[in-house]
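Residue numbers (our numbering): 382 to 563.
Structure record follows, encoded as structure tokens.
Now the structure itself:
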């Protein structure tokens, strides 16, 4: 018997969860539980900051894609490929290419059946701030200071604003959680 591998399916944007539900239903109806083992829409926890309020949300890791752990044969290919919302498998032409072990590790999906994502990754903070936005600092050394964002650094989770210091405009980095839009 062939070994199950992870494949990537391209979907219409915004239809990832619907495609997962449709494939899960097809697996049940056609009794393919032993051939299509798992369908997954990879999600990532992120902190979203709106008006200085931090909220934990789930965001799609790969919008427009669904991962499927399956044994590739004509039946499983047909079921997945003809699911409403699926535009095709990722791979050249009509030949799906399975993900390698190296590609699966960052997703927290091991090939030895470890299907839980890594719990060590910290959620990222997602914000609506853009250069040019007016903000007010609500915490820290610059509390009460108004400013205009000149740069946003998502990796460091900071924004840069210019403040007047000793009669000069001076750039200052401030954390996402210390500001809110004005």
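Even glycine gets a Cβ: it sits at the ideal position worked out from N, Cα and C.
All of these numbers come straight from a predicted model, not from anything done at the bench.
_As a quick exercise: from 542, 540, 463, 512, pick the residue whose alpha carbon is nearest that of residue 392._
Residue 392 sits at position 11 when you count from the first residue of the chain shown. Closest option to residue 392, Cα to Cα, is 463.
_Taking the beta carbon of residue 552 as the centre, do at least 16 other beta carbons fall within 10 Å, making it buried, or is it exposed?_
For the purposes of this step, residue 552 is identified with residue 171 of the chain shown, where counting begins at 1. Classification of residue 552: exposed, given that the 10 Å Cβ count is below 16.
*residue 472 versus residue 443 - alpha carbon distance*: Walking along the chain shown from the start, residue 472 turns up at place 91. Walking along the chain shown from the start, residue 443 turns up at place 62. About 16 Å.
*asked:* So, at 8 Å on beta carbons, what are the nonlocal neighbours of residue 479 in its own chain, with the 5 sequence-adjacent residues on each side left out?
replied: For the purposes of this step, residue 479 is identified with residue 98 of the chain shown, where counting begins at 1. Around residue 479: 386, 387, 388, 453.
*Can you give the Cα-Cα distance for residue 436 and residue 563, rounded to whole angstroms?*
Position 55 of the chain shown holds residue 436. Position 182 of the chain shown holds residue 563. Roughly 19 Å between the two C-alpha positions.
*Following the continuous beta strand (DSSP E) through residue 549, name the residue where it begins and the one where it ends.*
Residue mapping note: residue 549 aligns to position 168 of the chain shown, counting from 1. That run of the beta strand (DSSP E) goes 549–556.
*So what does residue 527 bridge to, in DSSP terms?*
By one-based count along the chain shown, residue 527 stands at place 146. BP columns for residue 527 point to 517.
*Beta carbon of residue 539, beta carbon of residue 557: below 8 Å?*
The residue you call residue 539 lines up with position 158 of the chain shown. The residue you call residue 557 lines up with position 176 of the chain shown. Yes. Within cutoff.
*Reference residue 465; option with closest CA among 402, 510, 490*: Within the chain shown, numbered from 1, the residue matching residue 465 stands at position 84. Here the closest residue by C-alpha is 402.
*Should residue 422 and residue 404 be called a contact, given that it needs their Cβ atoms to be closer than 8 Å?*
The count along the chain shown starts at 1 and reaches residue 422 at position 41. The count along the chain shown starts at 1 and reaches residue 404 at position 23. Going by C-beta atoms, residue 422 is not nearer than 8 Å to residue 404.
*If we ignore side chains and look at the alpha-carbon of each, how far apart do residue 487 and residue 426 end up?*
On the chain shown, position 106 is the one that residue 487 refers to. On the chain shown, position 45 is the one that residue 426 refers to. Rounded to the nearest angstrom, the two C-alpha atoms are 15 Å apart.
*Name the two residues that bound the continuous beta strand (DSSP E) containing residue 560.*
Sequence index remark: in the chain shown, residue 560 carries index 179 (1-based). It spans 560–562 - the beta strand (DSSP E) in which residue 560 sits, taken as one unbroken run.
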